[in-house]
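Everything on this sheet refers to the single structure shown next.
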Amino acid sequence: VEDAENFQDKLDALDRLFNEVIPREISAEGNKNSQYPAALDMKCLSCSDSMVVSAPISDNSSYPALIAVSIKAIQIAHALMDMGFLVRGALAVGNVYRTDSNILGTGYQEAVKGEKEAHNPQILLTESAEQALNELIKCGRPRYAIFAKNELD
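For the sequence shown, my numbering begins at 918 and goes up steadily by one.
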């Protein structure tokens, strides 16, 4: 951020992160300019060095919220890597109360706890997210290639 005060390219990179990458953009083809389905009701919040991506879980959605949030986390991580930063975080599935500027609840708390347990740059699945992913697979959803088992921890 300090560099953004002095270098236009750094400021442009931050502007791209907050105005192009974080907004609701996703597609199965990886096209960054397509829109999330409105039914996902995804929200992206940021404060200091933390970003929170959330979406309500719905049995009626054709796109699982866990997958959409995971893809958005990857997009944000890639944008930050392009800027020279590595990412550490966690995905959780749980109850939250959220507005356009606030989030609280056990799902959020579990993600924060999981992030603190991630020893290397990575976005890990908490136990609740791992269970949700296994449920999706059990219900016939494909095993998405974006998830990999970390043998280091």
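Don't be surprised by glycine CBs; every beta carbon is placed ideally from N, CA and C.
Taking the alpha carbon of residue i as the point to measure from, which residue in the options has its own alpha carbon closest?
{"i": "residue 1058", "options": "919, 971, 979, 1035", "result": "979"}
{"i": "residue 1024", "options": "1001, 974, 936, 925", "result": "974"}
{"i": "residue 936", "options": "985, 1028, 992", "result": "992"}
{"i": "residue 1017", "options": "919, 969, 1036, 923", "result": "969"}
{"i": "residue 1047", "options": "1061, 1036, 1038, 958", "result": "1061"}
{"i": "residue 1015", "options": "925, 1037, 958", "result": "958"}
Is residue i buried or exposed, if buried means 16 or more other CB atoms sit within 10 Å of its CB?
{"i": "residue 961", "result": "buried"}
{"i": "residue 1003", "result": "exposed"}
{"i": "residue 1043", "result": "buried"}
{"i": "residue 1054", "result": "exposed"}
{"i": "residue 989", "result": "buried"}
{"i": "residue 1056", "result": "exposed"}
{"i": "residue 985", "result": "buried"}
{"i": "residue 1007", "result": "buried"}
{"i": "residue 1152", "result": "Residue 1152 is absent from the structure shown; the chain starts at 918 and stops at 1070."}
By Cβ distance below 8 Å, which residues in the same chain neighbour residue i in space, the five residues on each side in sequence not counted?
{"i": "residue 997", "result": "934, 1003, 1004"}
{"i": "residue 1013", "result": "971, 1020, 1021, 1022, 1023, 1024, 1025"}
{"i": "residue 923", "result": "none"}
State yes or no: is the C-beta of residue i within less than 7 Å of the C-beta of residue j?
{"i": "residue 1063", "j": "residue 987", "result": "yes"}
{"i": "residue 1041", "j": "residue 1031", "result": "yes"}
{"i": "residue 930", "j": "residue 1000", "result": "yes"}
Beta-carbon within less than 6 Å of residue i's beta-carbon, same chain only, minus the 5 sequence neighbours each way: which residues are those?
{"i": "residue 966", "result": "none"}
{"i": "residue 982", "result": "972, 974"}
{"i": "residue 928", "result": "921"}
Report whether the distance from the Cβ of residue i to the nearest heavy atom of the ligand HEM is below 6 Å.
{"i": "residue 1026", "result": "In the structure on display, the ligand HEM does not appear, and there are no ligands present to speak of."}
Could you pull out every residue in the same chain whose Cβ sits closer than 7 Å to the Cβ of residue i, ignoring the five residues on either side in sequence?
{"i": "residue 1027", "result": "1009, 1011, 1043, 1045"}
{"i": "residue 875", "result": "Because the chain spans 918 through 1070 in this model, residue 875 falls outside it and cannot be assessed."}
So, does the CB of residue i fall closer than 7 Å to a CB anywhere in chain C?
{"i": "residue 967", "result": "Looking for chain C here will not work: only one protein chain is present."}
(request) Would you mind listing the alpha helix (DSSP H) stretches within the segment 1003-1065 that are 4+ residues and don't spill past its ends, in chain order? (result) Runs found: 1023-1034, 1044-1055.
(request) May I have a chain-ordered list of the alpha helix (DSSP H) segments no shorter than 4 residues that lie completely inside the segment 956-1001? (result) 982-999
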